[in-house]
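Asks: Questions regarding the structure given below will be posed in turn.
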Amino acid sequence: MDEVRDIKSVKKELTALRREIRYHNNRYYNEDNPEISDYEYDQLMLRLKAIEKEYPELITKNSPTQQVGGQAMRTAGQLVKHDVPMLSLQDVFSRAEIDQFVADLQAQLDDPEFVVEEKIDGLSMALRYEDGQLVRAITRGDGIVQGEDVTANARVIDDVVQELPTKLPYFEIRGEVYMERAAFAAVNERQEMLGLKKFANPRNCAAGTLRQLDSRIVKERHLSLFVFNLQTARGREFATHTESYEFMKQQGIKVIHGYQVCHTADEVWAAIQEIGERRGSLAYDIDGAVVKLNNLADREKLGATAKVPRWAIAYKYPPEEKETVIRDIELSVGRTGRITPTAVFDPVRLCGTTVERATLHNQDFIDSLDVRVGDTVRVYKSGEIIPKIKEVVKSKRPSGTEPFRIGDTCPVCGARAVREPDSADIKCQNPSCPSQVENHILNFVSRNAMDIHGFGEAAVHALIAKGYLHDVADIYDLAERRDDLLREGIIGREKSTDKLLQNIEASKQNEPERLLTGLGIAGIGRAAARELMHEFGSIAALAAASREQILAVRDMGDVSAEALTEYFAADSTRQLLDRLRAAGVNMTAEPIEAAGTELAGKTFVLTGTLPTLSRKDCAARIEAHGGRVTGSVSKKTDYLVAGEAAGSKLSKAQSLGIPVLDEAGLLAMIGEGSGS
Numbered sequence: 261m262d263e264v265r266d267i268k269s270v271k272k273e274l275t276a277l278r279r280e281i282r283y284h285n286n287r288y289y290n291e292d293n294p295e296i297s298d299y300e301y302d303q304l305m306l307r308l309k310a311i312e313k314e315y316p317e318l319i320t321k322n323s324p325t326q327q328v329g330g331q332a333m334r335t336a337g338q339l340v341k342h343d344v345p346m347l348s349l350q351d352v353f354s355r356a357e358i359d360q361f362v363a364d365l366q367a368q369l370d371d372p373e374f375v376v377e378e379k380i381d382g383l384s385m386a387l388r389y390e391d392g393q394l395v396r397a398i399t400r401g402d403g404i405v406q407g408e409d410v411t412a413n414a415r416v417i418d419d420v421v422q423e424l425p426t427k428l429p430y431f432e433i434r435g436e437v438y439m440e441r442a443a444f445a446a447v448n449e450r451q452e453m454l455g456l457k458k459f460a461n462p463r464n465c466a467a468g469t470l471r472q473l474d475s476r477i478v479k480e481r482h483l484s485l486f487v488f489n490l491q492t493a494r495g496r497e498f499a500t501h502t503e504s505y506e507f508m509k510q511q512g513i514k515v516i517h518g519y520q521v522c523h524t525a526d527e528v529w530a531a532i533q534e535i536g537e538r539r540g541s542l543a544y545d546i547d548g549a550v551v552k553l554n555n556l557a558d559r560e561k562l563g564a565t566a567k568v569p570r571w572a573i574a575y576k577y578p579p580e581e582k583e584t585v586i587r588d589i590e591l592s593v594g595r596t597g598r599i600t601p602t603a604v605f606d607p608v609r610l611c612g613t614t615v616e617r618a619t620l621h622n623q624d625f626i627d628s629l630d631v632r633v634g635d636t637v638r639v640y641k642s643g644e645i646i647p648k649i650k651e652v653v654k655s656k657r658p659s660g661t662e663p664f665r666i667g668d669t670c671p672v673c674g675a676r677a678v679r680e681p682d683s684a685d686i687k688c689q690n691p692s693c694p695s696q697v698e699n700h701i702l703n704f705v706s707r708n709a710m711d712i713h714g715f716g717e718a719a720v721h722a723l724i725a726k727g728y729l730h731d732v733a734d735i736y737d738l739a740e741r742r743d744d745l746l747r748e749g750i751i752g753r754e755k756s757t758d759k760l761l762q763n764i765e766a767s768k769q770n771e772p773e774r775l776l777t778g779l780g781i782a783g784i785g786r787a788a789a790r791e792l793m794h795e796f797g798s799i800a801a802l803a804a805a806s807r808e809q810i811l812a813v814r815d816m817g818d819v820s821a822e823a824l825t826e827y828f829a830a831d832s833t834r835q836l837l838d839r840l841r842a843a844g845v846n847m848t849a850e851p852i853e854a855a856g857t858e859l860a861g862k863t864f865v866l867t868g869t870l871p872t873l874s875r876k877d878c879a880a881r882i883e884a885h886g887g888r889v890t891g892s893v894s895k896k897t898d899y900l901v902a903g904e905a906a907g908s909k910l911s912k913a914q915s916l917g918i919p920v921l922d923e924a925g926l927l928a929m930i931g932e933g934s935g936s
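In terms of this note's numbering, the sequence shown is residues 261 to 936.
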């Protein structure tokens, strides 16, 4: 019985690990938006490999250890078959693994040479030349069968050579598209100016940019390229990797610089260490060092597994940590009144960027580390993105430091601050606190709520400072003060001001679920707001509902029901809703006309771009036939409707075994298919 239980436990852990890794693969390869660091991902893969090594009979063909990269997505262009697989590399993390790799190849080959070079953190791309002319550029895609055609975008990258001096019949090379830190900073500065979301890091920006549909965007973002491998050639033979590099240099192709040829494990390790020491001074990010065989015939002899070549490995450097000194702990107040402490420290450079701030989360976190102003702390980057404090170096603490307390007073308005019961949060009790007002308004105008374009953080801050905005209802009075706005130039010139006022006017026609989301009631996001409006039909009916009636709505719990009843019972809420109603803001949902009951009791999630239907139209059809649309995939989801460029929702649905429909499949279910 113990053995049976053990196997069941192993299978359960394998299933969970594979599901989690597939999810993060999709975030990294297909959405260019990873949630965890490379190190954290590597630990998941190492655990999976260890279990599969112990239980080889449990290895499956679709295990992440048996697959390469992500899916091939139809974002930038058509899918193209690979002439040569674009495999990933096996990752290693220690000197012992490097020594073993070198020893294994020395045992199999006659005096092998190794090349050690930087592992650029970007997106792989193959370039194909025919008679010296660039004819095709392809992303890795699934790594084995096909990738995306990104030729038009590759042609506007300065480092991509369009025509080679030597006209070989066929010449295919592989490189890494990346973004230098200076170019990345310029892109994010522009994103901020336009009020758009900033990119998390250069790798995400480069990957997302290469797959753009508009080559003009690619050109203005100044991507770069290093070539790191000869895939295949006709018309000329190459004996070694370094010989192919020399030929490429003669053709004007930019190859990985600073590579070293080594013969022993000691030389290989020294080269890895040298790259690691200078990575902070590079103009771009690297995420490791690659060790590969120099002799191309030896590479052919060794071949590859289903996922990785046997002649190369990638050494991954441990997460970078640095010591710095905390000079201050600042307190900020969010939309809900929550007070958040942030450590301000001497600037340090981590993973290619300079950081000088890190959140301390709450009083409990501060107490657990015993963080004090003047302390020396170790700082690292979570996911190579978010600065975090790892620990206090107590041996370097100066005398006279005091434990830090957030206190019981709001740092912005001076009102009373109280710790929430059963929570680590300390909140300002003044609903008119300027900081709360600003964050509340930003939430109200955000894309997920009333979606009023042109309302950036700077504009909201200035309008509050000048006395134009005290609550969200004041937004709809701005049109009456157009002349004042133009005279003071708060929003910008006449064209910008009028555009914002037009967007404000248009937002009055939004469905009331957006208004309910924008009110900022604790626990009521877009999905919950949609359910409530389906049930009650209007903001007025919801405001009059009892706690028991709210609890009867699907997925409503005690906390959300309590928050709703308290919110709508307040005099300030009634006054706010009266002002919004008087301004003409829509508070009543259009009734859904029943067209059938084919989907009754079924829950759907939508993702990607459908051929003919918008998300809104698709959701309306589902609901008209008795179905329910939610925002996230779970075990309760009955169907996922997926279109082009489906992301993590598709991966999660597949891992849970949830049926996936395309637009035609959905329409067939409700009798609107071409054959009905």
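The beta carbon of each residue, even a glycine, is placed where N, CA and C say it ideally should be.
Note that the structure is a prediction, hence the values are computed from the model and not measured.
Would you call the CB atoms of residue 765 and residue 789 closer than 8 angstroms?
Replies: In the sequence shown, residue 765 corresponds to position 505, counting from 1. In the sequence shown, residue 789 corresponds to position 529, counting from 1. In this structure, residue 789 does not lie closer than 8 angstroms to residue 765 by Cβ.
Asks: Using the beta-carbon count (16 or more within 10 Å), is residue 780 buried or exposed?
Replies: Walking along the sequence shown from the start, residue 780 turns up at place 520. Label assigned to residue 780: buried.
Asks: What three-state label does DSSP hand residue 799 in the structure shown?
Replies: The residue you call residue 799 lines up with position 539 of the sequence shown. Correct three-state label for residue 799: helix.
Asks: Which residues in the same chain have their Cβ closer than 6 angstroms to the Cβ of residue 820, if we skip the five residues on either side of it in sequence?
Replies: As a working mapping, residue 820 is identified with position 560 in the sequence shown. Here the set comprises 783.
Asks: How would you write the range of the beta strand (DSSP E) that residue 396 sits in, first residue to last?
Replies: Residue mapping note: residue 396 aligns to position 136 of the sequence shown, counting from 1. Start and end: 393-399.
Asks: Identify, in the order they occur along the chain, each residue of the same chain with its Cβ nearer than 7 angstroms to the Cβ of residue 684, setting aside the five sequence neighbours on each side.
Replies: The residue labelled residue 684 in the question sits at position 424 within the sequence shown. So the qualifying residues of the chain are 622, 623, 624.
Asks: For residue 769, which residues from the same chain have a beta carbon less than 7 angstroms from its beta carbon, with the 5 sequence-adjacent residues on both sides left out?
Replies: Stepping through the sequence shown from its first residue, residue 769 is reached at position 509. These residues qualify, in order along the chain: 846.
Asks: What is the DSSP secondary structure of residue 672, counted as helix, strand or coil?
Replies: Sequence index remark: in the sequence shown, residue 672 carries index 412 (1-based). Coil.
Asks: Applying the criterion that 16 or more other CB atoms from any shown protein chain within 10 Å of the CB defines a buried residue, is residue 696 buried or exposed?
Replies: The count along the sequence shown starts at 1 and reaches residue 696 at position 436. When all chains shown are included, residue 696 counts as buried.
Asks: Determine whether the beta carbon atoms of residue 615 and residue 647 lie at a separation below 8 angstroms.
Replies: What you label residue 615 is simply residue 355 of the sequence shown in a count that begins at 1. What you label residue 647 is simply residue 387 of the sequence shown in a count that begins at 1. In this structure, residue 647 lies closer than 8 angstroms to residue 615 by Cβ.
Asks: Does the beta-carbon of residue 649 have 16 or more other beta-carbons within 10 angstroms, so that it is buried, or is it exposed?
Replies: For the purposes of this step, residue 649 is taken as the residue at position 389 of the sequence shown. Flag for residue 649 reads buried.
Asks: Which value, in whole angstroms, describes the spacing of the CA atoms of residue 349 and residue 571?
Replies: Counting from 1 along the sequence shown, the entry for residue 349 is found at position 89. Counting from 1 along the sequence shown, the entry for residue 571 is found at position 311. Approximately 9 angstroms between the Cα atoms of the pair.
Asks: Tell me whether the beta-carbon of residue 346 lies closer than 8 angstroms to the beta-carbon of residue 400.
Replies: Locating residue 346 in the sequence shown gives position 86, counting from the first residue. Locating residue 400 in the sequence shown gives position 140, counting from the first residue. Yes, the Cβ-Cβ distance between residue 346 and residue 400 is below 8 angstroms.
Asks: How would you call residue 942, buried or exposed, if buried means at least 16 neighbouring beta carbons within 10 angstroms?
Replies: Outside the shown range of the chain, which is 261 to 936, sits residue 942, and nothing can be said about it.
Asks: Could you tell me which residues DSSP puts in a beta bridge with residue 486?
Replies: Numbered from its first residue, the sequence shown carries residue 486 at position 226. According to DSSP, which records beta bridges pairwise, residue 486 is partnered with 436.
Asks: Verify whether the separation of the beta carbon atoms of residue 601 and residue 620 is less than 8 angstroms.
Replies: On the sequence shown, position 341 is the one that residue 601 refers to. On the sequence shown, position 360 is the one that residue 620 refers to. Yes, they are a contact pair.
Asks: When you compare each of 363, 379, 378, 431 to residue 372 by their alpha carbons, which one comes out closest?
Replies: Taking the sequence shown and counting its residues from 1, the one referred to as residue 372 is at position 112. Comparing Cα positions, the closest option is 363.
Asks: Excluding the five sequence neighbours on either side, which residues of its own chain have a C-beta within less than 8 angstroms of the C-beta of residue 771, listed in chain order?
Replies: The residue you call residue 771 lines up with position 511 of the sequence shown. Cβ neighbours of residue 771 beyond the five flanking positions: 793, 846, 849, 850.
Asks: Helix, strand or coil: how does DSSP classify residue 527 here?
Replies: As a working note, residue 527 is residue 267 in the sequence shown. Residue state, collapsed to three classes: helix.
Asks: Taking 8 angstroms as the threshold (C-beta atoms), are residue 667 and residue 677 in contact?
Replies: Residue numbering aside, residue 677 sits at position 417 when the sequence shown is read from its first letter. Residue numbering aside, residue 667 sits at position 407 when the sequence shown is read from its first letter. Against a cut-off of 8 angstroms, the Cβ pair of residue 667 and residue 677 comes out as a contact.
Asks: How many angstroms separate the CA atom of residue 411 from the CA atom of residue 437?
Replies: On the sequence shown, residue 411 is found 151 positions in, with the first residue counted as 1. On the sequence shown, residue 437 is found 177 positions in, with the first residue counted as 1. Computed Cα separation, rounded: 13 angstroms.
Asks: Tell me which same chain residues have a C-beta within less than 6 angstroms of the C-beta of residue 319, skipping the five on either side of it?
Replies: Sequence index remark: in the sequence shown, residue 319 carries index 59 (1-based). Here the set comprises 312.
Asks: Under 6 angstroms Cβ to Cβ from residue 635, same chain only, skipping five residues before and after it: list those, please.
Replies: Your numbering for residue 635 matches position 375 in the sequence shown. So the qualifying residues of the chain are 586, 652, 657.
Asks: Which residues share a DSSP beta bridge with residue 430?
Replies: Residue 430 sits at position 170 when you count from the first residue of the sequence shown. Beta-bridge pairing links residue 430 to 390, 494.
Asks: Measure the CB-CB distance between residue 507 and residue 498 and report whether it falls below 8 angstroms.
Replies: For the purposes of this step, residue 507 is taken as residue 247 along the sequence shown, with counting starting at 1. For the purposes of this step, residue 498 is taken as residue 238 along the sequence shown, with counting starting at 1. Yes. Within cutoff.
Asks: Within 10 angstroms of its Cβ, does residue 946 collect 16 or more other Cβ (buried), or is it exposed?
Replies: The question about residue 946 has no answer here: the residues shown for the chain are numbered 261 through 936.
Asks: Would a C-beta distance cut-off of 8 angstroms place residue 891 and residue 787 closer than the cut-off?
Replies: On the sequence shown, residue 891 is found 631 positions in, with the first residue counted as 1. On the sequence shown, residue 787 is found 527 positions in, with the first residue counted as 1. Yes, the pair counts as a contact, with Cβ atoms nearer than the cut-off.
Asks: Which value, in whole angstroms, describes the spacing of the CA atoms of residue 715 and residue 702?
Replies: Taking the sequence shown and counting its residues from 1, the one referred to as residue 715 is at position 455. Taking the sequence shown and counting its residues from 1, the one referred to as residue 702 is at position 442. Their backbone Cα atoms lie some 8 angstroms apart in a straight line.
Asks: I need the boundaries of the beta strand (DSSP E) containing residue 583, first residue and last residue.
Replies: The sequence position of residue 583 within the sequence shown is 323, counting from 1. Run containing residue 583: 581-593, per the beta strand (DSSP E) assignment.
Asks: Determine the DSSP secondary structure at residue 827, reduced to helix, strand or coil.
Replies: As a first step, residue 827 must be located in the sequence shown, where it is residue number 567. Here residue 827 sits in helix by DSSP.
Asks: When you compare the CB positions of residue 302 and residue 353, do they come within less than 8 angstroms of one another, or not?
Replies: Start at 1 with the first residue of the sequence shown, and residue 302 comes out as number 42. Start at 1 with the first residue of the sequence shown, and residue 353 comes out as number 93. Contact flag set, yes.
Asks: Let me know if residue 806 comes out buried or exposed under the rule of 16 or more other beta-carbons within 10 Å of its beta-carbon.
Replies: Here residue 806 refers to the residue found at position 546 of the sequence shown. Its Cβ having fewer than 16 others within 10 Å, residue 806 is exposed.
Asks: If you run the structure through DSSP and keep just helix, strand and coil, what is residue 782?
Replies: Indexing the sequence shown from 1 puts residue 782 at position 522. Note: residue 782 maps to coil in three-state DSSP.
Asks: Using the Cα positions of residue 655 and residue 767, report the straight-line distance between them to the nearest angstrom.
Replies: To locate residue 655, count along the sequence shown from 1; it is residue 395. To locate residue 767, count along the sequence shown from 1; it is residue 507. The alpha-carbon atoms of residue 655 and residue 767 are separated by roughly 57 angstroms.
Asks: Hey, out of 882, 866, 867, whose CA is closest to residue 857's CA?
Replies: What you label residue 857 is simply residue 597 of the sequence shown in a count that begins at 1. Of the candidates 882, 866, 867, the one whose C-alpha sits nearest the C-alpha of residue 857 is 882.
Asks: Quick check on this structure: which residue in 889, 588, 376 has the alpha carbon closest to the alpha carbon of residue 815?
Replies: On the sequence shown, position 555 is the one that residue 815 refers to. For the residues 889, 588, 376, the minimum Cα distance to residue 815 belongs to 889.
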